Structures are given as C-alpha cells and as structure tokens.
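S.K.: Once you've had a glance at the structure underneath, I'll fire off some questions.
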Amino acid sequence: MPDLPCKDFSPQIHSLNHSIMPRLLTHHAPSALRRHIQRGGLIAYPTESCYGIGANPRHAHALRAILRLKKRPQHKGFITIGNNLAQLEPLLQRQPENVRQHLRATWPAPISFVLPAHPRVLPLLRGNQRNRLAVRVPNHAVARELCRIAGTPLVSTSCNQSGKRACKSEREVRRLFGRKLWIVGGRVGKRKQPSEIVDWAENRRLR
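Quick look at the structure:
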C-alpha cells in the first residue's frame with residue numbers, strides 16, 4: 001500500500017468551527033474526509049492548545065508518515081483521541097468499572113491517561129510505553145466531531161516539526177506543511193500548555 005500522506009495532496013481546506021459543525025454533516029465534506037482518514041491520509045485540526053496532526057491509529061504507514069513529516073523519533077509513541085470513552089475502548093485492555101467511571105467523569109478534558117493497551121495496538125502507536133497507550137477525549141468540539149465523522153479514534157500529535165513551536169492557525173499549518181495535510185480549519189482552544197499526561201497505574205503526572 002502506498003504512503004498516501006507523503007505525496008503532494010491538494011484537498012479543499014474546510015474551515016469548521018463550533019457553530020457550523022452540525023451543518024457539516026449535510027454536505028459532501030464529511031464522507032470525503034472520512035474516506036481520506038480511513039485510507040490512511042493525514043489531517044491537521046484544532047485542539048485545546050494548538051493544531052494537531054491526526055490519522056487513523058490502525059494504519060502503520062500513516063504513523064510512519066507522521067514521524068517523517070515531524071522528524072520525530074518513533075520511540076515517543078502517540079496520544080490517541082476519541083469522541084468518547086466507548087470509541088477508545090477497543091484500543092485498550094478491559095478496564096475495571098471504577099476506572100471507566102472516573103474516565104467518563106473526567107472527560108472531555110485536556111488530560112490524557114496512560115492505560116494498558118490492547119495487544120493488537122501497533123507498536124508505533126505505543127512507542128516506549130510498550131504495552132500501554134495514552135488516550136484522551138479532548139475538550140474541543142471540532143476534534144471530538146472529527147473522531148465521530150471518521151468513525152475511528154485519531155492520532156493526536158502537535159502540528160510542528162519535533163522540538164519546534166506548534167502551529168496555532170491554518171495559515172501556519174499551510175506555511176509549514178503545504179499540501180501534505182488535509183487541513184480542517186477552526187480556532188484552537190485557549191489553553192496555553194499541551195494537554196496533561198497522567199500514568200493511571202502509578203498515579204503520576206508525566207507532562
């Protein structure tokens with residue numbers, strides 16, 4: 001299978017914001033966007049603090065394309081976001097009910113929890129976490145709606161090259177990555193810092 005995201009890609013740039021997201025479903029954009037993601041294409045989209053790069057977490061070639069695009073070491077792994085806990089659960093080992101209740105009560109929020117991963121989760125997604133995975137339901141309506149439209153969780157990594165400042169606008173994304181990403185426009189949230197990452201088992205904040 002070719003690495004589609006690495007080719008010169010020229011999709012329309014869809015400016016989506018909180019007020020028009022419900023109307024998005026009545027146009028052709030959702031089906032095209034869904035196909036793009038399901039086939040392993042890359043997208044850029046707003047999150048709580050910056051633009052993120054996203055992809056289907058089940059496509060190894062999409063994960064490798066993100067690593068090349070960002071010049072990011074593969075041992076770091078990726079955070080994965082979902083529309084809700086139910087969408088993320090297939091990527092995780094079965095969680096005790098008290099854990100599930102806590103996650104449902106906490107999310108949506110800019111907090112990612114590191115939890116035991118399902119054995120079928122790709123090693124590139126886990127990184128040096130080995131048998132664990134960082135997951136989140138973001139506190140950003142556009143990001144959550146994208147997961148719903150795609151019908152899959154999405155990789156969520158800052159839209160930048162490794163070690164550089166993350167993009168905060170569509171213009172910055174276009175300037176840095178050109179046509180290599182399908183840009184889903186919108187305003188980023190007001191959060192100044194990246195989302196927190198908490199190791200659930202050790203009750204320890206990693207970021």
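In the UniProt record's numbering, the protein residues as written are 1 to 207. Don't be surprised by glycine CBs; every beta carbon is placed ideally from N, CA and C. These numbers were taken from a predicted model, which means no experiment stands behind them.
1) According to DSSP, is Ser31 part of a helix, a strand, or is it coil?
2) Out of curiosity, what's the CA-to-CA distance linking Met21 and Ser156?
3) How is Arg94 classed by DSSP in three states: helix, strand or coil?
4) Where do the ends of the alpha helix (DSSP H) carrying Ala166 lie?
5) Count the other CB atoms, across all protein chains shown, that sit within 10 Å of the CB of Asn83; report buried if there are 16 or more and exposed otherwise.
6) Return the bridge partner residues of Pro46 from the DSSP annotation.
7) From His59, Arg68, Pro110, pick the residue whose C-alpha is nearest to that of Gln193; which is it?
8) With DSSP run on the structure shown, which of helix, strand or coil describes Gly127?
9) Secondary structure at Arg72, three-state DSSP: helix, strand or coil?
10) Work out the CA separation of Gln95 and Arg205 for me, nearest whole Å.
11) Under 7 Å: does the beta carbon of Gln95 sit that close to some heavy atom of the ligand MG?
12) Could you check whether Val135 and Leu67 sit closer than 8 Å to each other, using their CB atoms as the reference points?
M.R.: Result, derived from the coordinates:
1) helix
2) Reliability of the predicted coordinates at Met21 is poor, the pLDDT of 43 falling under 50, and the value obtained from them is presented with this limitation in mind. Answer to the nearest angstrom: the Cα atoms are 20 Å apart.
3) coil
4) Taken as a continuous stretch (DSSP letters only), Ala166 belongs to no alpha helix (DSSP H), as it is neither H nor E.
5) buried
6) Tyr51
7) Pro110
8) helix
9) coil
10) 20 Å
11) Judged by which ligands are present, the structure shown has none, so any question about the ligand MG falls away.
12) no
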